[in-house]
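Worksheet: the structure to be examined is printed underneath.
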Amino acid sequence: MAATKDIEAPERAGARYGFPAYAGDLFYGRAIVGVNAAGEARPAGSAGVVALLGLCEERIDNSNGATGDQIVECLRGRYRYPVAGATHADIGKPVYALDDNSLQLTNAGGELKLGVLEAIDADGMWIKI
Numbered sequence: 053m054a055a056t057k058d059i060e061a062p063e064r065a066g067a068r069y070g071f072p073a074y075a076g077d078l079f080y081g082r083a084i085v086g087v088n089a090a091g092e093a094r095p096a097g098s099a100g101v102v103a104l105l106g107l108c109e110e111r112i113d114n115s116n117g118a119t120g121d122q123i124v125e126c127l128r129g130r131y132r133y134p135v136a137g138a139t140h141a142d143i144g145k146p147v148y149a150l151d152d153n154s155l156q157l158t159n160a161g162g163e164l165k166l167g168v169l170e171a172i173d174a175d176g177m178w179i180k181i
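Per our numbering, residue 53 is the first one in the sequence shown, and the count goes up by one each step.
Here you go:
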């Protein structure tokens, strides 16, 4: 339905989101984090992950905890992260997570998209998440 009055749409920077850690999971700092259908954080590549959230802000060890005992803060933005086989010709292409530490340019195995290869410079490859 088309708008018929002003719309209140709160804004936030979108650089960080917190999700409850799934029971028994260990998250490494700056590793890739996903979310399952129940909204629980899991390391990318884990069973049941339906979307990728970003990078884990810091190490979270919930390996002996229940779901929600800890909160995983997921960072979004631009980060230097290696992408297997990427060249300057791949700038602007989507990147997919094979697991919580491996990015690639294809999703032949059903891998989920993390972001876009934004630049390659002397410091490395830059991903916009």
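Note that beta-carbon positions come from the ideal geometry of N, C-alpha and C, so glycine has one too. All of these numbers come straight from a predicted model, not from anything done at the bench.
- Closest option to glycine 66, judged by alpha-carbon separation, among Leu127, Ser154 and Gln156: Leu127.
- When the five nearest sequence neighbours on each side are left out, the beta carbons in the same chain lying within less than 6 Å of the beta carbon of glycine 129 are those of Ala67, in order along the chain.
- Per DSSP, reduced to three states, the secondary structure at aspartate 173 is strand.
- Alanine 73 is positioned such that its CB atom lies closer than 9 Å to that of glycine 117.
- The straight-line gap separating the alpha-carbon atoms of alanine 99 and serine 115 is approximately 16 Å.
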